[in-house]
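Numbering (the numbering used here), first residue to last: 61 to 186. For each residue, glycine too, the CB sits at the ideal point set by N, CA and C.
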C-alpha cells in the first residue's frame, strides 16, 4: 500500500501500489480518479485501471456501471474529471459495463479487469 503522512504524523493510505497507474512518468492513484467519477450522479460503480499506451506507457481507462435510469457519455465523464483533477490524472477512455468483476465478498478484482488489455504484451507496467 502507498500513502502519505501529514504534519501531525497521521498516515493516510492513498492506493495499493499495484493499482497506481504510471502514465508518462507520472504516478496516478486509481482511487483518486474513482472517487472523482463516483461524485458524478450517473455513476453507480467504477474501476479505474491502467491500459497499455504506446506513447505514455500506460493510460487511464475507467470502467463504469451507470446508476439505474441514468445516462451519460464518455465525454461528459472525462470533462467531469477535468473540472476536478489535473488533466494527466483524467481517463483517456471510458468503457460502460453492466457489471464489474468482484470476489464473493464484493471486492473489485482489478487484475481480472486489467488482464484482457495486457494480454499478449511483452511487458506489463502494473
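Whole angstroms is fine: what's the gap from residue 157's alpha carbon to residue 67's? Residue mapping note: residue 157 aligns to position 97 of the chain shown, counting from 1. Residue mapping note: residue 67 aligns to position 7 of the chain shown, counting from 1. Rounded to the nearest angstrom, the gap between the Cα atoms of residue 157 and residue 67 is 41 Å.
Taking the beta carbon of residue 140 as the centre, do at least 16 other beta carbons fall within 10 Å, making it buried, or is it exposed? Taking the first residue of the chain shown as 1, we reach residue 140 at position 80. It is buried - the Cβ of residue 140 has at least 16 other Cβ atoms within 10 Å.
Taking C-alpha atoms, which residue in 147, 132, 152 and 148 lies nearest to residue 104? The residue you call residue 104 lines up with position 44 of the chain shown. Relative to residue 104, the option among 147, 132, 152 and 148 whose CA is nearest is 132.
Return the residue from the list 176, 154 and 177 that minimises the CA-CA distance to residue 137. Here residue 137 refers to the residue found at position 77 when the chain shown is read from its first residue. Comparing Cα positions, the closest option is 154.
How far does the alpha helix (DSSP H) with residue 97 in it reach, from first residue to last? Here residue 97 is taken as the residue at index 37 of the chain shown, counted from 1. Element bounds for residue 97: 90-98.
Please state the DSSP three-state secondary structure of residue 143. Translated into positions along the chain shown, residue 143 becomes position 83. In the structure shown, residue 143 sits in a helix (DSSP, three-state: H, G or I).
Residue 178 - DSSP class collapsed to helix/strand/coil: Working through the chain shown from its first residue, we reach residue 178 at position 118. Three-state result, residue 178: helix.
In whole angstroms, give me the CA-to-CA distance for residue 165 and residue 97. One-based indexing of the chain shown puts residue 165 at position 105. One-based indexing of the chain shown puts residue 97 at position 37. For residue 165 and residue 97, the distance between alpha carbons rounds to 23 Å.
Between residue 121 and the rest of its own chain, which residues show a CB-CB distance below 8 Å, the 5 nearest in sequence each way excluded? Position 61 of the chain shown, counted from the first residue, corresponds to residue 121. Same-chain partners within the cutoff: 108, 109, 110, 111, 151, 152, 153, 154, 155 and 177.
From the DSSP output, in three-state form, read off residue 113 for me. As a position in the chain shown, residue 113 is number 53, starting the count at 1. Residue state for residue 113 is assigned as strand, using DSSP reduced to three classes.
Endpoints, the beta strand (DSSP E) within which residue 67 is located: In the chain shown, residue 67 corresponds to position 7, counting from 1. For residue 67, no beta strand (DSSP E) run applies, since DSSP gives it neither H nor E.
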